[in-house]
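So the structure is just underneath, and the comments pick up after that.
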Amino acid sequence: MDESIFTTEARFEPWWWEAAPRPAGDAFQVPKSADVAIVGGGFTGLSAALELARAGRKVVVLEAGDLGQGASSRNGGMIGSGHRVGFGVLCKRYGETTAEAIIKEGLASLEFTVDLIRGEQIQCHFLRSGRFRGAWRPAHYEAFGREVDLLRSRFGVEADMVSQSDAWKEAATDAYHGGCIYHAHGGLHPGLLHQGLLDRAIASGAIVIGNQAVSGLSRGDQGFHVRVNGKSLAAREVIVATNGYTGPATPIYRRRLVPVPSYVIATEDLGATRIRDLIPNGRMIVESRARHCYYRTAPDGQRILFGGRAAVSVIDTKTSAQRLYKLMTDLFPNLKGVKISHSWSGFVAMSRDHLPHVGLRDGVHYALGYSGSGVAMAPYLGWKAARKVLGKADGDSPFDGTPFRAVPFYNGKPWFLPLVERYYRFLDRREGSA
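Each residue of the sequence shown is one higher than the one before, counting from 294 in our numbering.
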C-alpha cells in the first residue's frame, strides 16, 4: 500500500468532526418511562424528537454509540430532493398518480429541511449552490434531457441541461458528455446540522442519551417495553429511526434494509484558487457511472471532499482511500501528488425499492431506507413520523402506501454482497473505470 498519499497527520474519521466532534451524550440516566421512545439519534430521530418535545410529549432518544456518529455526520453534505428513483420508473411501479405524489414528496423534503435550517438558525454552512450531474455516457445525457424536460414542465423544477463543451465550467475534467444542473440543491456541513438539531431538541425538553444500545422491544399493557443495557423503559409510542445502523433489536426492519458502506476522502488544503479551477461554480458534483463518484468543495473552500463506491462490502479506510484517490486523480490528473488528510466510511441503508419508507407496523412507527439520499429526507420523515404519533393528518405520506418488502433470503447479514461486488466490477470494466 502506498502510504505516501496521506499527510503525516492523516485521520481516519470524518473531516466534519474537526468542527463538530461527536458528543458522548451519556450524562443522562435512562428514565423508567416516556411518552415516546425514539431508537436512533441521527437526523431522523432528532427531528422527530424536536417536534414531539415542542408538542409537550416526554421524549427519550436512545443512540447506540456517540450521538450522531452514524451516517448523519459521515455523509458528503449534499442536500437534494429526496430519493433515487425517477418519475418514469415510479409510473411503471405504482401508476402515474402515486408517482406524481412521490416526486412532490421528494421536493417537499428539500424545502422542509431548508426551512428547518433557516427557521432554527442552524449555522451549518448551508448554501444553495446547485448540483451538477455529469453524464458518463452520451446515452446518459439523452436520458437526463428527458427527465429534466418532464420535471420542469410537470413539477416546476429549476433544472437545465449542460452541453459537453460547457461541462468544463462545472468540473474541470473531460470525463463527462455534458450533464444537468438542479439549481435548488446545495451543500452543508452535516456535523453542524446534526449538532444544531441536537441542541434544539434538548433545549425543547427531549432527553437524548448516547451509548445506550436498544436490545429489544416488546408489547406492554400501556404500550411498549424498550430494553436498554439490561434496563426497561416503558413508552406509549416508539419510533425506529436507525436506517443504516438497524440491528437485531428490530429484526422486521433489519430484513428490509441492507447496510452498504459509503467511502469519502478529504484532500489537504489546496487553496481557494486551485479549488475554483477544479469546480468553477462551486456546485455539488455527482455522476451517472456505476462508480457513483460524488465530490464537492469543502465548506472552508480550501479542499476537495471526494466520495464513491470504493467497495460494496466493508474494507479498511486506508484501502478505500487508495481507491478513491485513483478515481479522483483519473478525473483530475493535476491532483496527483496531493495528500489525503481524512478518510472515512459510513453505512447507508438500501431498501429493496431504493425508496424511503415511513409508517406504522405492529404499533411501532418507523422512518427508514433513505438509500443514500437522506440529508433532506431524514429530517422530513422524522417530522412526518412525529406528526403521526401526534395524530395529525399531515403525518401522512405517499411513502406510507409503497410496499416496504423484505429482501428475500436475508436476515440482516448481507451474504450476497460478494456477488454484487462482482457485478459492479463488470460494470466498472465496461465503463472504463475499473
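Beta carbons: idealized from backbone N, C-alpha and C, even for Gly.
Predicted, not measured: the structure shown is a model, and the values here were computed from it.
Check your understanding: For residue 417, which of helix, strand or coil comes out of DSSP?
Key -> Assignment of residue 417 by DSSP, reduced to helix, strand and coil, places it in the coil class.
Practice item. Within 10 angstroms of the Cβ of residue 523, are there 16 or more other Cβ atoms? Answer buried if so, exposed if not. Key: Around the beta carbon of residue 523, a 10 Å sphere encloses fewer than 16 other beta carbons of the protein chains shown; the residue is thus reported as exposed.
Exercise for review: List the DSSP bridge partners of residue 545.
Suggested key: DSSP lists no partner for residue 545.
Practice item. Take residue 298 as the anchor and find which of 338, 600, 632 has the nearest alpha-carbon. Key: Of the candidates 338, 600, 632, the one whose C-alpha sits nearest the C-alpha of residue 298 is 632.
Review point. Run through DSSP, which three-state label would residue 339 get?
Key: For residue 339, the three-state secondary structure derived from DSSP is helix.
Practice item. Express the C-alpha separation of residue 705 and residue 543 in angstroms, rounding to a whole number. Key: C-alpha separation (whole angstroms): 10 angstroms.
Exercise for review: Below 6 angstroms CB to CB, which residues in the same chain sit around residue 493 once its five sequence neighbours on both sides are set aside?
Suggested key: Counting only Cβ-Cβ distances below 6 angstroms, and skipping sequence neighbours, we find 343, 413.
**Study point:** Check whether residue 337 and residue 668 have beta carbons under 9 angstroms apart
**Key:** No. Outside cutoff.
Check your understanding: Shortest alpha-carbon distance to residue 682 belongs to which of 306, 361, 583, 349?
Key -> Of the candidates 306, 361, 583, 349, the one whose C-alpha sits nearest the C-alpha of residue 682 is 349.
**Study point:** Helix, strand or coil at residue 512 according to DSSP, with G and I counted as helix
**Key:** Strand, per DSSP.
Exercise for review: Could you tell me which residues DSSP pairs with residue 524 in its beta bridges?
Suggested key: Residue 524 has 521 as its beta-bridge partners, per DSSP.
Review point. Are residue 558 and residue 636 closer than 9 angstroms when you measure CB to CB?
Key: A Cβ-Cβ contact shorter than 9 angstroms links residue 558 with residue 636.
Check your understanding: Out of 711, 719, 355, which has the shortest C-alpha to C-alpha gap to residue 732?
Key -> What the structure shows of the chain is the stretch from 294 to 727, and residue 732 is not part of that stretch, so it cannot be assessed.
Review point. Under the rule that 16 or more other beta-carbon atoms within 10 Å means buried, what is residue 716, buried or exposed?
Key: Exposed, because fewer than 16 other Cβ atoms sit within 10 Å of the Cβ of residue 716.
Exercise for review: Take residue 513 as the anchor and find which of 430, 531, 589 has the nearest alpha-carbon.
Suggested key: The residue with the shortest Cα to Cα distance from residue 513 is 531.
Review point. Which residues does DSSP pair with residue 475 in a beta bridge?
Key: DSSP output for residue 475 lists 424, 452 as bridge partner(s).
**Study point:** Residue of 609, 680, 666, 698 minimising C-alpha distance to residue 365
**Key:** For the residues 609, 680, 666, 698, the minimum Cα distance to residue 365 belongs to 666.
Check your understanding: Beta carbon of residue 563, beta carbon of residue 313: below 9 angstroms?
Key -> Taking a C-beta distance under 9 angstroms as the contact criterion, residue 563 and residue 313 do not qualify as a contact pair.
Review point. To the nearest angstrom, how far is it from the Cα of residue 624 to the Cα of residue 723?
Key: The alpha-carbon separation between residue 624 and residue 723 amounts to approximately 17 angstroms.
Check your understanding: Which of the three DSSP states, helix, strand or coil, is assigned to residue 310?
Key -> Collapsing the DSSP output to three states places residue 310 in a helix.
Check your understanding: Using DSSP with H/G/I as helix, E/B as strand and the rest coil, what is residue 693?
Key -> Reduced to three states, the DSSP call for residue 693 is helix.
Check your understanding: Looking at residue 536 and residue 333, is the spacing between their C-beta atoms short of 9 angstroms?
Key -> Yes, they are a contact pair.
Check your understanding: Under three-state DSSP, which class holds residue 650?
Key -> Residue 650 carries a strand assignment under DSSP once its states are collapsed to helix, strand and coil.
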